[in-house]
Amino acid sequence: MNALTVIILGAGEGKRMRSRQPKILHQLCGRPLLGYPLRVARAFADRIVLVVGPNADAVRAEAGDDVHFVEQGERLGTGHAVLQAKPECGPGSILVLPGDVPLLSAETLERLIGHHIASGAAATVLTAVVDRPAGYGRVLRQGGRLKRIVEDRDATDDEKKVTEINTSVYCFDAARLWPALAQVRADNDQGEYYLTDAVSLLARAGGRVEAIPVSDPLEAMGVNDRRQLAAVAAIQRERILDRLMLEGVTILDPATTYVDDTVTIGPDTVLHPHVIVQGASSIGGDCIIGAGCHLTDMRLGDRVRLKPYCVLTSSIVEEDAELGPFCHLRPLAHIGPGARVGNFVEVKKSRLGRGTKAPHLSYIGDATVGDRVNIGAGTITCNYDGVAKHETIIGTGVFVGTNSTLVAPLTIGDGAYVAGGSTITHDVPPGALALGRAQQVVKEGWAEKRAKRRREATQKD
Ligand code: UD1
Ligand code: CA
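Here it is as structure tokens:
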């Protein structure tokens, strides 16, 4: 039995982000940075300890109930941060994960932990050999073994040439970590207590320190500023699209397709260029997502067809429905099976029944629309009287003529007809025809009479 505590370092101010928000709450493909180390930690840890800074309520809320928190009152460095976690840590092994290195895979950590346990090391450091090591701590070896880690800003020009870097991921034997950390001094360029110095101390004291390079150095990319956030996001995005394509999703242009890590998509669905799918969205199989569609927190059934440029948020679209081009679902729209929502139609907090059609130029808000209803072009539900919102209920098989104004609260019974151009202010019983417009007046021969009057007027002048 070798218990494993994972310490996630998340107290840094993230100065280089120049943000009011804690760095680890910045979003990366639909999850906060913190979500990534937490996800891999949960795969192994007996206990997860998160080091947070002061006033980190938002970070605590994001982390979840299974996490133990310690507060680092003053940011005195990574070594100081780990030391704060000591009272929350058990015996056995300690895996340290930085909060700002999101691309680490579970396989890599499994290999690191396995190597650490098998070798009986005091510390095992995950390293990476990279083309551009600038900014990272360098791993200095002697006779192949790790001798010391030196921070970029403390390194000599020769040391800066070393391309093997410290990923900030370590496995420690708890019993040997704590005494070493207690010896770390803040005698460096930043005046901070460096965790890397604890590793160097263990090596110098003759303890066994292992350093194993990660197979894919991209996993080691850290996020210190927004350029790195974008660079890491580009890699994560590619991974997500690769996974989806291997799962059977066709992506016509991966270079312009943005899908969050939190999204699921069924096989044989086709994503056209410039599609963005965000948040807790799920898309069924055999769907077509047209060019430029932007989906956030959406649920789509199978065989849904989105024509180009639909903007859909926090809503449900059932199987075989067809939407767009240019349609807008605002939160809590629910489009029934086989329904059709066409161009320049906005739907908010409304349900459209099976096979119902709203093909053009409508606003449907706070409405419950039954099955097989036809909503004519230009129909508007007037749901707001300037003070409160009111509901419109439209029964099964209703025909609403074009350019109707439906003033809520309003109920239109099953099978009723609303004549085009009506303003409907009173309930319509089932099967009735409602006309709510001025009677048309026809004046025969009016144009000829008008022309004659004009001719007479000019003759007088
Ligand atoms: C650190 C390592 C460096 C390594 C790099 C990899 C040290 C001294 N340096 O540098 O060798 O190459 O990561 O990405 O460890 N944090 C705290 N409290 C603090 C300071 C930092 O919790 O007082 C947290 C940060 O929130 C962050 C992590 O520790 O998640 C790393 O800190 P950061 O300042 O980003 O270190 P780097 O300069 O990147
Ligand atoms: Ca960092």
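Here our numbering is used: the first residue of the sequence shown is 22, the next is one more, and so on. Don't be surprised by glycine CBs; every beta carbon is placed ideally from N, CA and C.
Within the same chain, ALA24, THR26, ASP67, ARG68 and ALA195 come within 8 Å of GLY111 by CB-CB distance, once the 5 residues on both sides are set aside.
In this structure, ASN245 has its beta carbon less than 6 Å from a heavy atom of ligand 2. Annotation: the continuous beta strand (DSSP E) that includes ALA379 extends over 378-386. Looking at the DSSP output, LEU333 shares a beta bridge with LEU316 and LEU350. In the three-state scheme derived from DSSP, where H, G and I count as helix and E and B as strand, HIS101 is classed as helix. In the DSSP assignment, ALA24 falls outside any beta strand (DSSP E) and carries neither an H nor an E. Burial is judged here by how many other beta carbons sit within 10 angstroms of a residue's own beta carbon; GLN299 has at least 16 and is buried.
In this structure LEU454 is exposed. Its beta-carbon is surrounded by fewer than 16 other beta-carbon atoms within 10 angstroms. Residue burial annotation: GLY135 is exposed, with fewer than 16 other C-beta atoms found within 10 angstroms of its C-beta. A contact between stretches requires three or more CB pairs, one per stretch, nearer than 8 Å, and the segment 196-203 fails this requirement with the segment 82-91.
In the displayed model, LYS182 falls within coil according to three-state DSSP, outside both helix and strand. For the 7 Å CB-CB criterion, VAL449 and ALA437 form a contact.
Given a length threshold of 4 residues, the segment 268-295 has no whole run of the alpha helix (DSSP H) inside it. Contact annotation: GLU213 and ALA207 have beta-carbon atoms nearer than 7 Å.
Distances taken from the Cβ of ARG96 to the heavy atoms of ligand 1 include one shorter than 6 Å. For the beta strand (DSSP E) assignment, the uninterrupted runs of no fewer than 3 residues enclosed by the segment 34-85 are, from N- to C-terminal side, 68-73. Short of 7 Å from the beta carbon of HIS295, and not among the five residues preceding or following it, lie these beta carbons of its own chain, in chain order: THR277, ALA312 and GLY313. The beta carbon of LEU216 sits closer than 6 Å to at least one heavy atom of ligand 1. Residue pairing for SER303: DSSP places it in a beta bridge opposite THR285 and ARG320.
When rounded, the separation of the alpha-carbon atoms in GLY422 and PRO380 is 12 Å. Per DSSP, PRO234 is not a residue of any alpha helix (DSSP H); the beta strand (DSSP E) it occupies stretches across 230-234. ASP121 has its CB nearer than 6 Å to a heavy atom of ligand 2. With a cutoff of 6 Å, SER221 does not count as near ligand 1, since its C-beta is closer than that to no heavy atom of the ligand. Here the alpha carbons of LEU427 and ILE433 stand approximately 10 Å from one another. Among the bridge pairs identified by DSSP, ALA144 is matched with PHE193 and VAL230. Contact between ILE170 and THR217 holds: CB atoms are separated by about 4 Å, below the 8 Å threshold. For ILE309, the closest of THR271, MET319 and PRO275 by C-alpha to C-alpha distance is THR271. Between ARG264 and VAL390, the alpha-carbon positions lie close to 39 Å from each other.
In this chain, the beta strand (DSSP E) harbouring ARG169 covers 166-171. In this structure, LYS328 lies near PRO346, with their beta-carbon atoms less than 7 Å apart.
According to DSSP, residue pairing for GLU92 in a beta bridge involves VAL73.
The segment 156-166 makes no contact with the segment 128-145; the number of CB pairs closer than 8 Å stays below 3. Ligand 1 approaches LEU30 closely enough that one of its heavy atoms is under 6 Å from the residue's Cβ. Here ASN76 is exposed. Its C-beta has fewer than 16 other C-beta atoms within 10 Å.
Taking the Cα positions, VAL205 is about 9 Å away from HIS101. A straight-line Cα-Cα distance of about 27 Å links LEU292 and SER383.
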